[in-house]
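Have a look at the structure below, then the notes.
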């Protein structure tokens, strides 16, 4: 997608030397950024690089220690988001700031009752904007009834209803299907062509290359440089991380073993009796990675929880090497050799106030090797922890460091070290790289592949298509609790995208593991 | 106010880490692998507020729990000092002489100031003499000098035991407000074993106490089972079980043939036989009985249980993060019941100590003497650690012992002591307030040690980065 080079006019928005410190650390260190009307300026950086801090300064949520914000050349001083909005800065948040039980118009009206002239005015405004950009949003629809992609459009309408000159999109594609992402990008381009200045915050290289007019890369709070949209993903990744990175997962063709997890006709009901997993069947053999792709919330979480024994209204069969897991307690499932990386490591995987050593023995709290005569054998525990700290390269001061103070990548390493630290018959990883930096992602991926190469069946649930394509030997796509199809890893992204939206595609389903090598 | 670095969307996002729809940037700690010094510090910082937020949203008790657990010795000492100052103000304000002299304060301010000094110093001196060393009686011999100290230990005995019960439950994320009911059942069971059976001297008191402990455990276990298997919140159920226990035992004390002293009409039990009474450690005039050593033993057991045993490991895991405990295969429901049983056992020890040591002439439904509630304060002040609870119990024992003397000698109402105790809890629950009063930095959740650790970590990371 090439776009006309934007005319070099005066910048609409200019950030000059923005410095924001939190105590001893500098989150933003003299950051300069300019955005012109009619361009999409991409702010690229890893988690924690300072992108969001910068945008919060711009939006008046933080006050910068140094630097200034200029809009159309006028210096601004924002005491809060209200000021920023009035000055013409709109923000589309990663998590929508919408009230689910209100209608679209009511949400747009919220906080601007006078300017919009009441509900009828808001309704009119929604219709107007919706028509102008082809949004197809009904002003009287309730937010909770709308798909995620449409909810995001409501956020955009909200910003536009305030005549935003500058629109900031903060990680907007995180919650979208590939198709919805494409639609969003089309909308962004249209907005740009109408003269809006757009700041697009992301860490997804593919999107950057597709849509950006200019790219500013920040790392560790500093601008490390500008990049052209023609740069390769490898170039962009190295700029973002500060060293050469391996973006593709290196792996050999799978060597299948006799270990197998056979899931047949698995149905899971939630507390309300709704089928959250609907008649799912698949087989994973030792030595292969089955990736479960799909948009968040299509039953993947419940599926993995059912395997672990956390779901209670489960029918069908989960057979691990001839051992039926349905009806077993979590304890029994773990003892059967299931390693599990939960999707939310801070909530389900770790006790933040516990030390690394304690977290590493979290699921082996009775009997050998860590407990003798009802007492925790601290020497054995610490020896194990010291060894894992070394072999998993967990960056911490020591094994006594509380896990809650570690970075996401190191926290995930603790989870992996624990789950891979005992003999396994099955390994299930749910969103294993969510929120991690590139370096940790490389590490996690290599551990997953090593586990597969050890002949263990591996299930990886991921909403990131790049990860799915990189890791998988086969891909199962879930949609509304069911498996749309199981396809080889070389299936095109377009096909996968369609499947994630629920379309059955020719060739799928293919529930048996392919014997041949899959690239 | 210091601004704490937050997660990207934090200040405007009411529920920070949403499970569905969360993206890589949400709620996650930013990371820097090969990072220079400041950057690695950044890593740790944004985690804390997000975590707190989660606790707030999920469970209002969770954040209170965290706050209680986050307390430290300095805060406890400052809270005590501040409360004593507030108590001093109240003593001065209620003193007649001070009120009188305040009338002509501007004419002769010295009068009022000296009256304030006399009232406050007199009261606190009496408190000290009643609780620690009675040097006014030193000339009557060493025994009389240190007798107040043993009185303090005596008062502290059930406070420590019951405090352990609350502390243990806290560590599992449970609030046992049911000390009263559990103590009442324990007292009733102990007393019943005492007066209804005849046994050899030492065995009798041991059996009586064990039965009391079991009774307390069962009563708390009911609340634990209700919580685990029906979801009834233990705060509600323990409070309600207090009423059930109180009125049930009152009825039994009123009913001839049950707990009522035969031949009497009052709701009081028969006196304990000599065989079922904990003997005095030092003999008369000291009232301090062997129950105190039982409390010390209980502290040691509780410390092992919480810190060293694998059951304690599971307890703490459930207390900090029940969800992770569940994922690690722990049986959270069963652990909840166990925790309440053990919590009630410590409460039961306190109840048994009351009838076998403190009040051996027959008990009434007031036998708990508010200890079940004071225990909450004691556990809070002790940071919910066994030894912290021990020392907090000693302090409150001292307040009780000294409070009586303060009232007798100086005419200061003993209620002032209750106010001081309550203020201690209030200040402990509001660390920023105390910090502000003493001009301490408001560090969020970071202590100086944490910052030092992080600096070391950063230096180390830099080194590691340079190597690779």
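Residue numbers (UniProt numbering), protein chains in the order written: chain A, 1 to 519; chain B, 1 to 468.
Every residue, glycine too, gets a C-beta built ideally from N, C-alpha and C.
The structure displayed is predicted, hence computed values, not measured ones.
Per the DSSP secondary-structure output, residue 400 of chain A pairs with nothing in a beta bridge. Around residue 305 of chain A, the same chain offers 311 as residues with beta carbons nearer than 6 Å, after the five sequence neighbours per side are excluded. Between residue 339 of chain B and residue 219 of chain B, the alpha-carbon positions lie close to 12 Å from each other. Just measuring C-alpha positions, the residue of B:290, B:130, B:383, B:430 sitting nearest residue 357 of chain B is B:290. Listed in chain order, the non-local C-beta contacts of residue 394 of chain B below 6 Å within the same chain comprise 156, local neighbours out to five positions each way being set aside. It is roughly 14 Å from the alpha-carbon of residue 470 of chain A to the alpha-carbon of residue 458 of chain A. Not a single CB atom of chain B sits nearer than 8 Å to the CB of residue 446 of chain A. Between residue 307 of chain A and residue 313 of chain A, the alpha-carbon positions lie close to 12 Å from each other. Using a CB distance cut-off of 8 Å, residue 229 of chain B does not count as an interface residue toward chain A. According to DSSP, residue pairing for residue 289 of chain B in a beta bridge involves B:280. Per DSSP, residue 107 of chain A is one residue of the alpha helix (DSSP H) stretching across 104-109. For residue 411 of chain A, the enclosing alpha helix (DSSP H) stretches over residues 408-419.
Runs of the alpha helix (DSSP H) lying entirely within the stretch 325-384 of chain B and spanning at least 4 residues, in chain order: 332-353, 371-381.
The beta-carbon of residue 103 of chain A is placed no less than 8 Å from the nearest beta-carbon of chain B. Straight-line measurement puts the Cα of residue 477 of chain A at about 7 Å from the Cα of residue 496 of chain A. With contacts defined as CB atoms closer than 8 Å, residue 103 of chain A and residue 139 of chain A qualify as a contacting pair. Counted as a single uninterrupted DSSP element, the alpha helix (DSSP H) harbouring residue 56 of chain A occupies residues 51-58. Taking a cut-off of 8 Å for Cβ pairs, the stretch 114-127 of chain A and the stretch 153-164 of chain A touch, as three or more such pairs fall below it. Closest in C-alpha terms to residue 376 of chain A, from the list B:312, B:243, B:334, comes B:312. Here residue 284 of chain B is exposed, its C-beta having fewer than 16 other C-beta atoms within 10 Å. With contact defined as three or more Cβ pairs closer than 8 Å, the stretch 117-131 of chain A and the stretch 91-109 of chain A are in contact.
In this structure, the straight-line span from the alpha carbon of residue 169 of chain B to that of residue 354 of chain A is close to 18 Å. The criterion of a C-beta distance shorter than 8 Å is not satisfied by residue 309 of chain B and residue 367 of chain A.
Contiguous beta strand (DSSP E) elements confined to the stretch 150-202 of chain A occur at 166-170, 197-202, taking only those with 3 or more residues. Sorting B:197, B:250, B:87, B:228 by C-alpha distance to the C-alpha of residue 419 of chain B places B:87 at the top. Around the CB of residue 136 of chain A, fewer than 16 other CB atoms lie within 10 Å, so the residue is classed as exposed. At a beta-carbon threshold of 7 Å, none of the residues of chain B lie near residue 245 of chain A; the nearest stands roughly 11 Å away.
Distance from the CA of residue 266 of chain B to the CA of residue 230 of chain B, rounded to the nearest whole angstrom, comes to 39 Å.
Taken in chain order, the unbroken stretches of beta strand (DSSP E) that lie wholly in the stretch 300-338 of chain A and span 3 residues or more are 314-320. Those residues of the stretch 355-368 of chain A placed with their C-beta closer than 9 Å to a C-beta in chain B are 358, 359, 361, 362, 363, 364, 365, 366, 367, ordered along the chain. Rounded to whole angstroms, the separation of the alpha carbons of residue 190 of chain B and residue 359 of chain B is 12 Å. For residue 476 of chain A, the enclosing beta strand (DSSP E) covers residues 474-479. Taking a C-beta cut-off of 8 Å against chain B, the contacting residues of the stretch 338-349 of chain A are 340, 342, 343, 344, 346, 347, 348, 349, listed in chain order.
Within the same chain, and ignoring the five residues on either side of residue 394 of chain A in sequence, the residues whose Cβ sits closer than 8 Å to its Cβ are 356, 388, 406, 410, 413, 414, 417. Around the Cβ of residue 104 of chain B, a 10 Å sphere holds fewer than 16 other Cβ atoms; the residue is exposed.
Contact check between the stretch 27-47 of chain A and the stretch 427-442 of chain A: three or more CB pairs, one atom from each, fall below 8 Å, which counts as touching.
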